[in-house]
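Each residue of the sequence shown is one higher than the last, beginning at 0 in numbering that gives the first Met the number 0. We treat Cβ as the ideally placed atom computed from N, Cα and C, and that holds for glycine. Nothing here was measured: the structure is a model prediction, and the numbers come from that model.
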Amino acid sequence: MARLCKSHSIPDSACTTKAFIATSGVDKQHGLTCFRFSEAQVKQKAMAKTQKKILIFDHTKPKQIHSTYISQLDEFDLIVCNRAISEDFRIPSERIWRK
């Protein structure tokens with residue numbers, strides 16, 4: 000559940016126990032990327048004010064790179080994907096959840 004922190008804007012005010020972050024691109028070297036700067040800013044703020052960061056993406060996102068950087072893969076506590084993630088990402092298995 001969200002708690003209000005000392006701030007004046009909605010993105011700056013949300014303090015959560017879990018943040019679910021979706022992305023348009025996931026790349027080992029370039030990290031997470033998306034199409035819009037404003038979208039990346041909101042995601043970065045959500046990540047900064049949460050206790051647990053959860054990355055969500057589907058099997059079409061790996062090795063895609065878009066114009067705006069969000070963060071690196073190692074900043075997430077848990078990674079959720081609908082299919083097995085390639086070995087070259089080298090993500091510890093305890094951080095991956097698959098259906």
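Residue(s) in a DSSP beta bridge with residue i
| i | result |
| --- | --- |
| V25 | L31 and P61 |
| I20 | L54 |
| A83 | Note: A83 sits in no beta bridge, so no partner. |
Cutoff 7 Å; reference residue i; Cβ partners in own chain excluding five residues on either side
| i | result |
| --- | --- |
| F19 | I53 and I55 |
| R35 | T67 |
| A21 | I55 and F56 |
Range of the contiguous alpha helix (DSSP H) that encloses residue i
| i | result |
| --- | --- |
| S37 | F36 to A47 |
For residue i, the first and last residue of its enclosing beta strand (DSSP E)
| i | result |
| --- | --- |
| S70 | T67 to S70 |
| I78 | L77 to C80 |
Cβ neighbour criterion (16 or more within 10 Å) applied to residue i
| i | result |
| --- | --- |
| T49 | buried |
| T59 | exposed |
| M0 | For M0, the predicted model reports a pLDDT of 48, less than 50, meaning its position is unreliable; a value from the coordinates is still stated below. Classification of M0: exposed, given that the 10 Å Cβ count is below 16. |
| A83 | exposed |
| A47 | exposed |
| S70 | buried |
| S85 | exposed |
Spatial neighbours of residue i in its chain, beta-carbon cut-off 8 Å, leaving aside the 5 residues before and after
| i | result |
| --- | --- |
| L72 | V25, K27, G30, L31, L54, I78, F88 and I90 |
Chain-order list of residues whose beta-carbon lies under 6 Å from that of residue i (same chain, five-residue window excluded)
| i | result |
| --- | --- |
| K51 | K17 and D76 |
Spatially closest choice to residue i from the options, by CA coordinates
| i | options | result |
| --- | --- | --- |
| Y68 | D57, T15 and C33 | C33 |
| E74 | N81, Q43, S23 and E38 | Q43 |
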